[in-house]
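For the sequence shown, our numbering gives the first residue as 873, with consecutive numbering after it. Where a beta carbon is used, it is the ideal one built from N, C-alpha and C, also for glycine.
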Amino acid sequence: MTSEITLFVNPTAGRGRGARAARPAASALRAAGFSVRTVLGEDAADALARARGAVEEGTGALIAVGGDGMVNLALQAVVGTGTPLGLVAVGTGNDFARSLGMPLREPAAAGRMIADALKCGRVRDVDLGRVGDRWFGAVLASGFDSRVNDRGNRMRLPAGRFKYDLAVVAELAALRPIPYRITLDDGAVREVEATLVAVGNGASYGGGMRICPGADLTDGLFDVTVVGDCGRARLLRVFPTVYRGTHVDLPEVSVFRASRVELAAEGVTGYADGEPVGPLPLTAHCVRGAVRVVGP
């Protein structure tokens, strides 16, 4: 493996933590004897093109510095290439890094762990989800949570996460069950009234909400969590249990496992790793060992 590696940096992640985190991570990698170059982009498309260029030039590893959005971009650059992906998780969610057991918001510690893993050859292949030509590492979300994202993204004010808090309140006021048509790889069609459906390659989304607590990054299968028809009061009681992953024991919740999942519902957008992938219907495939990652 070449000793030259690439930091793929989002300078705006975590209100500027991305740019600040790149320095201690780079210092830790250089102290371990690696030559480090940094890739920035003017926008997402430019950043992805630059990351792909670094991979094509034979970088020894691509290290994403930022949150889940930056990690998702990095996945598009390295999938299927054999180039190891490392994560310096300094964003708001960090859910793929959490599933991999990486340090969160500790860039120097993450840099040291990555350096040690690269030197020892401690890399492994993990699964990814694919929707069309888009790849995701954590969760494909749809339903109540995706409608919150839709509404929050449309709001110009207030700034920051508070607008999503307001979006939650607004969507709770408008809460209605969504008629879903779910087709798994057994061919059976399940027509259900649901509050949300989450397709998990990893266990969590939204910064540690364990929506698919049993998901395994190496089993070649998604965990599909279906939260059935909940009224507002019941949903507010269910919501806190998602952080512990105990919601799957409730009667309103069903979990399926499949390598292929088709979701169809009117007026619902799918979000993968927090990024919009388009309106339903969408079909997700779990691809075993799609990406090589550096980690503990």
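Heavy atom of the ligand SAH within 7 Å of residue i beta-carbon
{"i": "Ala898", "result": "The ligand SAH is absent from the structure shown, which contains no ligand whatsoever."}
Under the three-state DSSP convention, the category residue i falls into
{"i": "Ile986", "result": "helix"}
{"i": "Ser1014", "result": "strand"}
{"i": "Val995", "result": "strand"}
{"i": "Phe1008", "result": "strand"}
{"i": "Pro1151", "result": "strand"}
{"i": "Arg1028", "result": "coil"}
{"i": "Ala1130", "result": "strand"}
{"i": "Val849", "result": "Residue 849 lies beyond the stretch modelled for the chain, which goes from 873 to 1168, so this question has no answer here."}
{"i": "Glu914", "result": "coil"}
{"i": "Asp940", "result": "helix"}
{"i": "Ala924", "result": "Reading off the sequence shown, one finds Arg at residue 924, where the question assumed Ala. The answer is helix: DSSP assigns Arg924 an H, G or I state."}
{"i": "Asp1095", "result": "strand"}
{"i": "Glu929", "result": "coil"}
{"i": "Ser971", "result": "helix"}
{"i": "Ser907", "result": "strand"}
Beta-carbon proximity list for residue i, same chain, < 8 Å, skipping 5 on both sides
{"i": "Leu1108", "result": "Leu1044"}
{"i": "Glu1065", "result": "Pro1049, Ile1050, Pro1051, Tyr1052, Gly1100 and Asp1101"}
{"i": "Ala933", "result": "Met873, Ile877, Thr878, Thr955, Pro956, Leu957, Gly958, Ile986, Leu990 and Val1166"}
{"i": "Pro1030", "result": "Leu1038"}
{"i": "Thr1113", "result": "His1119 and Leu1122"}
Proximal residues to residue i (C-beta, below 7 Å), its chain only, five neighbours per side dropped
{"i": "Gly1085", "result": "The sequence shown places Pro at residue 1085, not Gly. Once the five neighbours on either side are set aside, the close Cβ partners of Pro1085 are Ala1075, Gly1117 and Val1120."}
{"i": "Gly973", "result": "Gly1167 and Pro1168"}
{"i": "Thr1089", "result": "Strictly speaking, residue 1089 in this sequence is Leu, with Thr absent from that position. Contacts found: Ser971, Val998, Asp999, Asn1073 and Gly1074."}
Proximity winner among the options, relative to residue i (alpha-carbon distances)
{"i": "Asp999", "options": "Asp988, Gly952, Gly1015 and Arg1028", "result": "Gly952"}
{"i": "Gly913", "options": "Gly905, Phe906, Arg922 and Val1041", "result": "Arg922"}
{"i": "Leu959", "options": "Gly930, Leu879 and Asn1021", "result": "Leu879"}
{"i": "Pro1148", "options": "Ala894, Gly905, Leu945 and Thr964", "result": "Leu945"}
{"i": "Ala891", "options": "Val911, Glu876 and Ala904", "result": "Val911"}
{"i": "Asp1017", "options": "Asp1005, Val927 and Asp1145", "result": "Asp1145"}
{"i": "Thr1155", "options": "Ser1126, Asp1091 and Gly1001", "result": "Gly1001"}
{"i": "Glu1134", "options": "Ala969, Gly905, Pro1153 and Ala900", "result": "Pro1153"}
{"i": "Cys992", "options": "Asp918, Met942, Leu1056 and Ala904", "result": "Ala904"}
{"i": "Ala1126", "options": "Leu947, Val1071, Gly930 and Asn882", "result": "The amino acid occupying residue 1126 in the given sequence is Ser; Ala does not appear at that position. Looking at the Cα atoms, Val1071 is the closest of the given residues."}
{"i": "Val948", "options": "Met1081, Gly1004 and Pro975", "result": "For the sequence presented, residue 948 should be read as Gln rather than Val. Minimum Cα distance to Gln948 is reached at Gly1004."}
Residues of its chain near residue i, where Cβ-Cβ distance is below 6 Å and the 5 sequence neighbours each way are ignored
{"i": "Arg1062", "result": "Ile1054"}
{"i": "Asp997", "result": "Gly1161 and Arg1164"}
{"i": "Arg1104", "result": "Leu1044 and Leu1047"}
{"i": "Arg977", "result": "Val962"}
{"i": "Ala1137", "result": "Ile1050, Tyr1052 and Leu1152"}
{"i": "Val995", "result": "Pro956, Arg1164 and Val1166"}
Residue environment, residue i, which counts as buried when at least 16 other CB atoms sit within 10 Å
{"i": "Ser1014", "result": "buried"}
{"i": "Arg902", "result": "exposed"}
{"i": "Asp915", "result": "exposed"}
{"i": "Ala897", "result": "buried"}
{"i": "Gly925", "result": "exposed"}
{"i": "Asn1025", "result": "exposed"}
{"i": "Asp967", "result": "buried"}
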